[in-house]
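Here the structure comes first, spelled out in structure tokens, and everything after it is commentary.
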Amino acid sequence: MLSFGSRILSPITASTVSRFSSTMSSSLYNFVVKDADGKDVSLEKYKGKVLIIVNVASQCGFTDSNYTQFKELLDKYRNQGLEIAAFPCNQFKSQEPGCEIDIKNFVSQKFNFEPDLYSKIKVNGDDAAPLYKFLKKEQGGTLIDAIKWNFTKFLVDRNGNVVKRFAPTTEPKDMVKDIEQYL
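Residue numbers for the sequence shown follow the UniProt record's numbering, so the first one is 1 and each next one is one higher.
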């Protein structure tokens, strides 16, 4: 025991640190983000759903296959509880230069697809969006935790647990087995 003036302080133990750390960690559902129209959206809206969170870019080589396959996944699994949250990001070779309205129109017109589209964010660096700092903490990457490119995908279970991270080169169709496990 330590004393500080007339107060006696308990020693800090591993369990004390563990309890403190767990109260400090966030839940996915605690985040509020801006949608493509600039409105606040609580991610609590995804409670009870299986969610794919992905950073997107309209001018990336992965764009066509990812958006096409995301639409197919939603068409097949939305009624079972699948949702997709797309976060435009311009950090990788400026492949998402447009504004949110342009991005929304591009995805809707070219792919006949309307995912939950959010405002542009940064996914790496000191000014990375808090949501992405959380996602990277929950599911680190291979070698480094940084997001390596557009279309890095995170799979979230119905309880808000970030259960898997997929590389940009993983096509959405190759996520089906994992998605079905949590539906």
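We treat Cβ as the ideally placed atom computed from N, Cα and C, and that holds for glycine.
Source: prediction; values computed, not measured.
Should Val54 go down as buried or exposed, given a rule of 16 or more other Cβ atoms within 10 Å for buried? Counting from 1 along the sequence shown, the entry for residue 54 is found at position 54. That one is buried.
Going along the chain, which residues of its own chain have a beta-carbon closer than 7 Å to the beta-carbon of Thr23, five neighbours each way excluded? For the purposes of this step, residue 23 is taken as residue 23 along the sequence shown, with counting starting at 1. Any reading at Thr23 needs caution, since the residue's pLDDT is 35, under 50, leaving its predicted position unreliable; the model's value is listed next. Correct list: empty, nothing qualifies.
Inspect the beta-carbon positions of Ala85 and Asp37 and report whether they are closer than 8 Å. For the purposes of this step, residue 85 is taken as residue 85 along the sequence shown, with counting starting at 1. For the purposes of this step, residue 37 is taken as residue 37 along the sequence shown, with counting starting at 1. No, they are not a contact pair.
Between Leu28, Lys110, Ser108 and Trp149, which lies nearest to Cys60 when the distance is taken from Cα to Cα? For the purposes of this step, residue 60 is taken as the residue at position 60 of the sequence shown. That would be Trp149, whose Cα lies nearest to the Cα of Cys60.
Is Ile147 helix, strand or coil by DSSP? Against the sequence shown, residue 147 aligns to sequence position 147. Coil, per DSSP.
By DSSP, does Val123 sit in helix, in strand, or in coil? Position 123 of the sequence shown, counted from the start, is the residue given in the question as residue 123. In the structure shown, Val123 sits in coil (DSSP, three-state: anything other than H, G, I, E or B).
Is DSSP giving Ser65 helix, strand or coil here? Locating residue 65 in the sequence shown gives position 65, counting from the first residue. Here Ser65 sits in helix by DSSP.
Bridge partner(s) assigned by DSSP for Arg165: In the sequence shown, the residue the question calls residue 165 occupies position 165. Paired residues: Phe154.
Out of curiosity, what's the CA-to-CA distance linking Cys89 and Lys173? The count along the sequence shown starts at 1 and reaches residue 89 at position 89. The count along the sequence shown starts at 1 and reaches residue 173 at position 173. Looking at the two C-alpha atoms, the distance is approximately 22 Å.
Work out the CA separation of Leu155 and Met175 for me, nearest whole Å. Start at 1 with the first residue of the sequence shown, and residue 175 comes out as number 175. Start at 1 with the first residue of the sequence shown, and residue 155 comes out as number 155. Using only the alpha carbons, I get a separation of about 9 Å.
Check each candidate in Glu44, Lys39 and Asp35 and name the one with the smallest Cα separation from Leu28. Here residue 28 refers to the residue found at position 28 when the sequence shown is read from its first residue. Of Glu44, Lys39 and Asp35, the residue nearest in Cα terms is Glu44.
Since Glu96 and Ser58 should fall inside the 8 Å C-beta cutoff, what is the C-beta to C-beta distance between them, to a whole number of angstroms? Residue mapping note: residue 96 aligns to position 96 of the sequence shown, counting from 1. Residue mapping note: residue 58 aligns to position 58 of the sequence shown, counting from 1. About 6 Å separates the two Cβ atoms, so the contact holds.
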